[in-house]
Amino acid sequence: MSDENNEWEKKTYEPPRIRVISLRPEEAVLGHCKSTSAAGPVGGTCHVIGSGNCQGIGS
Amino acid sequence: MYCETAEFAGSELDGNKGLACLHIGDVGVSVSGDWGLSLSSELEKFRVSQCDTDMDVNVRWVQLIHPSRGTKIFHSGAVWTLSRESDELIFDFSTPAVGRSPYKQLRTWDFSSAQIHLNSALLPRHAWPLEYPADELLITNYLAYHALGVEVHGCGLVDPEHGGFLFLGHSGAGKSTTTRLWKSAGIPEIPSPEILSDDRIILRLNDSELWMYGTPWHGEAAFASASKSKLNRIFILQHGESNKIAPLSRAQAVGELFARCFPPFHSASGLQNTVEFLERVVETVPCYEFQFVPDASAVEAALSFHD
Chain A
110 MSDENNEWEK
120 KTYEPPRIRV
130 ISLRPEEAVL
140 GHCKSTSAAG
150 PVGGTCHVIG
160 SGNCQGIGS
Chain B
-14 MYCETAEFAG
-4 SELDGNKGLA
6 CLHIGDVGVS
16 VSGDWGLSLS
26 SELEKFRVSQ
36 CDTDMDVNVR
46 WVQLIHPSRG
56 TKIFHSGAVW
66 TLSRESDELI
76 FDFSTPAVGR
86 SPYKQLRTWD
96 FSSAQIHLNS
106 ALLPRHAWPL
116 EYPADELLIT
126 NYLAYHALGV
136 EVHGCGLVDP
146 EHGGFLFLGH
156 SGAGKSTTTR
166 LWKSAGIPEI
176 PSPEILSDDR
186 IILRLNDSEL
196 WMYGTPWHGE
206 AAFASASKSK
216 LNRIFILQHG
226 ESNKIAPLSR
236 AQAVGELFAR
246 CFPPFHSASG
256 LQNTVEFLER
266 VVETVPCYEF
276 QFVPDASAVE
286 AALSFHD
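Here the protein sequences line up with chains A and B, keeping their order.
Using the working numbering, you'd call the opening residue of the first sequence number 110 and step up by one each time.
Using the working numbering, you'd call the opening residue of the second sequence number -14 and step up by one each time.
Next up, the structure:
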């Protein structure tokens, strides 16, 4: 076995690491509104049925 | 399928048949039915005179909508719930503000076609059939169901000289701030970029190239463009004390992208398609964590960055 292979065998074992990545279901699920000022995701459900009145769903 | 739009005589519902073609994220949508011309101003930007139709949506007014009695498979926590009857998916839209009955129901088998019923007892005559979130649900599920792409939470900018930039982030991460900074960077030699969206971008792969598309579903800065751009790298936004760009491993990148996308949580195959698509994305372009400070220096840092 060559020295190069010996060096490879001596490589320090690194255990798998767990990386936590946060999910935000209130953002990843479509349909919530964040403000009353605009249409689209920001205010989409705030303008349900075209009323222009914020229903406050998910906000 | 190929279609052309019809001319609309007006906005009256009775006897007024309509047809509209939309093009969102390279998905052609034809909307037809017994409703007058009534699209939100955001969707109007995505209206085209003719389109190759990927999805047919038919709209009908009905006097009463019964909630689906099928198997409940997902509750959004907002205005819609999803049920399954045989292989058909039924989205019931309801809000206590207008009553217990659904004000709208969307039925589909595979998102290539859909039937929308509008409750005439609850909705005003000028209601938008594709009002958010119905429009976005259709597009995101179509992309996931057919393994064609994914919608992500981010702002997409096209610099005239440097090309497309995509900055992903949760709410509060700095997407709208980034958009405004780029729009008014105060750097005379830098022309103003085109903003595809300040909140929602659709990603698709065309001939092994990654492309981003603007969407109607804007954020607080209210930028929504029907344009698209080729993409060479992706940045994950983080607030920082200085501007710092660090590469992410592919595994990290897939995780970070997944946390900032809109997958169909009700569908195992849709989730698998989404993760596999994201794997292809990070194999195609590098992803970086971008710690930034909210001033013009962040724009310069991104523009001057080289892999």
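Note that CB positions come from ideal geometry on N, CA and C, so glycine has one too.
Predicted model, so just to flag it, every value in this text is computed and none were measured.
List the endpoints of the continuous beta strand (DSSP E) containing residue i.
| i | result |
| --- | --- |
| P109(B) | Where P109(B) is concerned, there is no enclosing beta strand (DSSP E), given that its DSSP letter is neither H nor E. |
| A99(B) | 98 to 104 |
| E27(B) | Note, E27(B): premise wrong, no beta strand (DSSP E); alpha helix (DSSP H) at 26 to 29. |
| Y198(B) | 194 to 199 |
| K89(B) | 89 to 93 |
| A231(B) | 229 to 232 |
| K57(B) | 56 to 60 |
| Q276(B) | 272 to 277 |
Determine whether the Cβ of residue i lies closer than 7 Å to any Cβ atom of chain E.
| i | result |
| --- | --- |
| V138(A) | Absent here is chain E; the protein component of the structure consists of chains A and B. |
Are the beta-carbon atoms of residue i and residue j separated by less than 7 Å?
| i | j | result |
| --- | --- | --- |
| H155(B) | R133(A) | yes |
| N43(B) | S23(B) | no |
| G139(B) | I186(B) | yes |
| W113(B) | V284(B) | no |
| S193(B) | G141(B) | no |
| F152(B) | T163(B) | yes |
| V143(B) | S214(B) | yes |
| G13(B) | D41(B) | no |
| L107(B) | G84(B) | yes |
| V267(B) | R218(B) | no |
| L139(A) | P118(B) | yes |
List, in order along the chain, the chain B residues whose C-beta lies closer than 7 Å to that of residue i?
| i | result |
| --- | --- |
| R133(A) | H155 |
| I130(A) | G240, E241, A244 |
Hey, quick one: how far does the alpha helix (DSSP H) through residue i stretch, first residue to last?
| i | result |
| --- | --- |
| A287(B) | 281 to 289 |
| L256(B) | 253 to 269 |
| F243(B) | 235 to 243 |
| P134(A) | 134 to 137 |
| I72(B) | Reading the sequence as shown, one finds Asp at residue 72(B) and not Ile. Run containing D72(B): none; DSSP gives neither H nor E here. |
| I124(B) | 119 to 130 |
| R165(B) | 160 to 168 |
If you compare alpha carbons, which of the options is closest to residue i?
| i | options | result |
| --- | --- | --- |
| L67(B) | A82(B), V47(B), R85(B), L91(B) | L91(B) |
| I332(B) | A253(B), V266(B), P271(B) | Given that chain B is displayed from residue -14 to residue 292, the structure contains no residue 332(B) and the question cannot be resolved. |
| F78(B) | D95(B), I58(B), L103(B) | L103(B) |
| G101(B) | L108(B), L107(B), L115(B), H111(B) | The displayed chain sequence assigns Ile, not Gly, to residue 101(B). Minimum Cα distance to I101(B) is reached at L115(B). |
| P81(B) | G62(B), N191(B), W196(B), A238(B) | G62(B) |
| D280(B) | F250(B), E261(B), N228(B) | N228(B) |
| C36(B) | H8(B), A119(B), D95(B), S97(B) | H8(B) |
| Q72(B) | G84(B), W65(B), I58(B) | First, the residue type needs correcting, since residue 72(B) is Asp and not Gln in the sequence shown. Of the candidates G84(B), W65(B), I58(B), the one whose C-alpha sits nearest the C-alpha of D72(B) is I58(B). |
| R128(A) | S282(B), H291(B), V239(B) | V239(B) |
| D292(B) | P52(B), F220(B), R165(B) | F220(B) |
| Y273(B) | T93(B), F150(B), N126(B), I124(B) | F150(B) |
| W94(B) | L216(B), A253(B), H51(B), N126(B) | N126(B) |
| L288(B) | N258(B), E146(B), L263(B), S252(B) | E146(B) |
| G55(B) | P178(B), Y88(B), F208(B), F76(B) | F76(B) |
| G10(B) | L128(B), K89(B), S53(B) | L128(B) |
| T259(B) | L190(B), E205(B), A286(B), F275(B) | L190(B) |
| S131(A) | Q237(B), A253(B), S254(B) | Q237(B) |
| S252(B) | S282(B), K89(B), I180(B), H131(B) | H131(B) |
| G293(B) | S254(B), P176(B), F277(B) | Nothing about residue 293(B) can be read from this structure; chain B reaches only from -14 to 292. |
| E136(A) | F290(B), P249(B), E179(B) | P249(B) |
| L216(B) | W196(B), I124(B), S97(B) | W196(B) |
Would you say the beta carbon of residue i comes nearer than 6 Å to a heavy atom of the ligand HEM?
| i | result |
| --- | --- |
| P178(B) | As far as ligands go, the structure on display features none, and thus does not contain the ligand HEM. |
Give the interface partners of residue i over in chain A, defined as CB-CB distance under 7 Å, in chain order.
| i | result |
| --- | --- |
| H138(B) | E136 |
| W65(B) | G140 |
| F247(B) | A137, L139 |
| Q237(B) | R128 |
| E121(B) | L139 |
| P279(B) | Within chain A, no residue comes near P279(B); the closest Cβ sits about 19 Å away, beyond 7 Å. |
Give me the chain A residues within the contact set of residue i, using Cβ-Cβ distance strictly less than 8 Å, ordered along the chain.
| i | result |
| --- | --- |
| T125(B) | L139 |
| Q100(B) | Those do not exist, as Q100(B) stays about 19 Å from chain A at its closest Cβ, beyond 8 Å. |
| P87(B) | By Cβ distance, chain A contributes nothing, its closest Cβ being about 12 Å from P87(B), past 8 Å. |
| P271(B) | Residues of chain A passing the Cβ test: none, with the nearest at roughly 18 Å. |
| P232(B) | The premise fails here: P232(B) is roughly 15 Å from chain A at the closest Cβ pair, so nothing lies under 8 Å. |
Strictly below 9 Å CB to CB, what residues from chain A border residue i?
| i | result |
| --- | --- |
| L222(B) | None at all; the shortest Cβ gap to chain A is about 14 Å. |
| F250(B) | P134, A137, V138 |
TODO: Report yes or no: do the segment 126 to 140 of chain B and the segment 228 to 248 of chain B share at least 3 C-beta pairs separated by less than 8 Å?
DONE: yes
Open item on the list: I want to know whether the segment 22 to 42 of chain B touches the segment 187 to 207 of chain B - three or more CB-CB distances under 8 Å.
Closed with: yes
Open item on the list: Between the segment 155 to 168 of chain B and the segment 214 to 224 of chain B, can you find at least three pairs of beta-carbon atoms closer than 8 Å?
Closed with: yes
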